[in-house]
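In the numbering used here, the protein residues as written are 110 to 474.
Beta carbons are placed, not taken as given, at the ideal position from N, Cα and C, and that holds for glycine.
Remarks on the structure that follows.
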């Protein structure tokens, strides 16, 4: 089957601010998240789907269904000069090798989280990209969610005062067949790497850098090499404290996936999953309710909830548009490679603390 490649080089399109460049974005990896990225690229007004890169016959058929060029390897796609940037949605263990291949070709990349399965590998990728002046973004797409943007704006405006504490719950049940794919049972997978890392990035974005971590984990339910449950205590550099509980073996409605309505694959609930508490108020997310006293701050006084408004734009589409703007040289990454590295450092510290029973200081790590 002959599929015509998109035109070589960015082409013009009429954006909100006049003529801009429609960039060609390839997606490497056509699994669960890769397919979502593919749909997001196809829906984004600032980009065109340049290619799908995945060696499987299933991916080749999927590319044909979408009318997209298919390549069995990044090398083949790069040799064809088929794209202006690449979204890497391959298994976690492949992120760095795939990223280095893109950097060597001078192609900007958006790497799904985690950026790597260990800090040393992530540092290698970021160092190579910075030396080559190639932009690296990380798929912490929740930063692109308009409710997170509104929450950050409220915090920066002083609406809740000084942040004192944050609590997060990430509980869901992954079915047994999810683990039929081997890499999901091996180091570099597990809910800490695959799920909690998103929560950590949101906390960095809303509350600032994390200073120390203390954690315990367990694989008692599934007995895989990786954990199925973990409890984490956090201390932020600001002095704020945090607690997070994550598990992929609990039947419950309290997780970002089930509450934020970002992904239609998850039946939504109306439950909160993050609580950010400050000296003048608290935020409940993702419902974006702001709790404050009417007048005097006292537990004997009436407390009110204000429902804050926000746009329901798909954060993955927003992320693609931002990636396109970065490729065009118009914007800096909202979630950079170094942001991804910071989240990975915390996740690795969580695993180290759970293994040793010790509190881990991030500035010494």
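(request) Evaluate the contact criterion for the region 229-240 versus the region 404-419: three or more CB pairs, one atom per stretch, below 8 Å. (result) no
(message) So, does the region 331-344 touch the region 246-261, judging by three or more C-beta pairs under 8 Å?
(response) no
(request) Check each candidate in 226, 272 and 270 and name the one with the smallest Cα separation from residue 299. (result) Of 226, 272 and 270, the residue nearest in Cα terms is 226.
(request) Compare the beta carbon distance of residue 135 and residue 158 with 9 Å and say whether it is the shorter of the two. (result) yes
(message) Please report the distance separating the alpha-carbon of residue 284 from that of residue 360.
(response) 10 Å
(request) Count the other C-beta atoms from every protein chain shown that fall within 10 angstroms of the C-beta of residue 424, then say buried if there are 16 or more, exposed otherwise. (result) By the 10 Å Cβ count, residue 424 comes out buried.
(request) Count the other C-beta atoms from every protein chain shown that fall within 10 angstroms of the C-beta of residue 141, then say buried if there are 16 or more, exposed otherwise. (result) Burial call: exposed.
(message) So, with DSSP's three-state summary, where would you put residue 327?
(response) strand
(message) For residue 386, report the span of its alpha helix (DSSP H) as first-last.
(response) For residue 386, there is no enclosing alpha helix (DSSP H); the residue is found in the beta strand (DSSP E) stretching over 383-387.
(request) Check the C-beta distance from residue 385 over to residue 269 and give it rounded, since I have them as a contact under 8 Å. (result) The C-beta distance from residue 385 to residue 269 rounds to 7 Å, short enough to meet the 8 Å contact threshold.
(message) Helix, strand or coil, according to DSSP, for residue 398 in the structure here?
(response) strand
(request) State yes or no: is the beta carbon of residue 454 nearer than 9 Å to at least one beta carbon in chain C? (result) Of the protein chains in the structure, only one exists, and it is not chain C.
(message) If you follow the alpha helix (DSSP H) that residue 492 is in, where does it begin and where does it stop?
(response) One cannot answer for residue 492 here, as it falls past the ends of the chain, which runs 110 to 474.
(request) Determine the DSSP secondary structure at residue 133, reduced to helix, strand or coil. (result) Strand at residue 133.
(request) Grab me the residues of residue 172's own chain with a C-beta within less than 6 Å of its C-beta, minus the 5 sequence neighbours each way, in chain order. (result) Correct list, in chain order: 161 and 179.
(message) Using only CA atoms, which one of 340, 264, 282 and 462 lies nearest to residue 417?
(response) 264
(request) Quickly, what does DSSP pair residue 160 with across the bridge? List them, please. (result) Among the bridge pairs identified by DSSP, residue 160 is matched with 135.
(request) Excluding the 5 residues preceding and the 5 following residue 314 in the sequence, name in chain order all residues of the same chain whose CB lies nearer than 6 Å to its CB. (result) 252
(message) Do residue 195 and residue 209 have their beta-carbon atoms positioned less than 9 Å apart in this structure?
(response) no
(request) May I ask you to verify whether the region 288-298 touches the region 238-252, counting CB pairs closer than 8 Å and requiring at least 3? (result) no
(request) Would you tell me roughly how many angstroms separate the C-alpha atoms of residue 396 and residue 427, rounded to the nearest one? (result) 20 Å
(request) May I have the straight-line CA-CA distance separating residue 380 from residue 391, to the nearest angstrom? (result) 16 Å
(request) List the residues that DSSP assigns as beta-bridge partners of residue 179. (result) 161
(message) Please state the DSSP three-state secondary structure of residue 365.
(response) For residue 365, the secondary structure class from DSSP, reduced to helix, strand or coil, is helix.
(message) Following a CB-centred definition, is residue 465 positioned closer than 8 Å to any heavy atom of the ligand GTP?
(response) This structure does not include the ligand GTP; it has no bound ligands of any sort.
(request) Determine the contact status of residue 228 and residue 350, defining contact as a CB-CB distance below 9 Å. (result) no
(message) Per DSSP, what are the beta-bridge partners of residue 280 in this structure?
(response) 356
(request) Output the distance between the C-alpha atoms of residue 186 and residue 193, rounded to the nearest integer angstrom. (result) 11 Å
(request) Express the C-alpha separation of residue 441 and residue 260 in angstroms, rounding to a whole number. (result) 21 Å
(message) Counting C-beta neighbours from all protein chains within 10 Å, is the total for residue 266 16 or more, i.e. buried, or is it exposed?
(response) It is exposed - the Cβ of residue 266 has fewer than 16 other Cβ atoms within 10 Å.
(message) Considering Cα atoms alone, identify which of 461, 295, 276 and 329 is closest to residue 311.
(response) 276
(request) Find the nearest neighbour of residue 308 within the set 327, 365, 357 and 214, judged by alpha-carbon distance. (result) Out of 327, 365, 357 and 214, 365 has the C-alpha closest to the C-alpha of residue 308.
(message) Taking the alpha helix (DSSP H) that residue 346 belongs to, which residues open and close that run?
(response) It is not in any alpha helix (DSSP H) - residue 346 carries neither H nor E in the DSSP assignment.
(request) Indicate the three-state DSSP secondary structure (helix, strand or coil) for residue 378 in the structure shown. (result) coil
(request) Look up residue 413 in the DSSP assignment and say whether it is helix, strand or coil. (result) strand
(message) Spatial neighbours of residue 468 within its chain, please: C-beta separation below 6 Å, excluding the five flanking residues on both sides.
(response) 321 and 323
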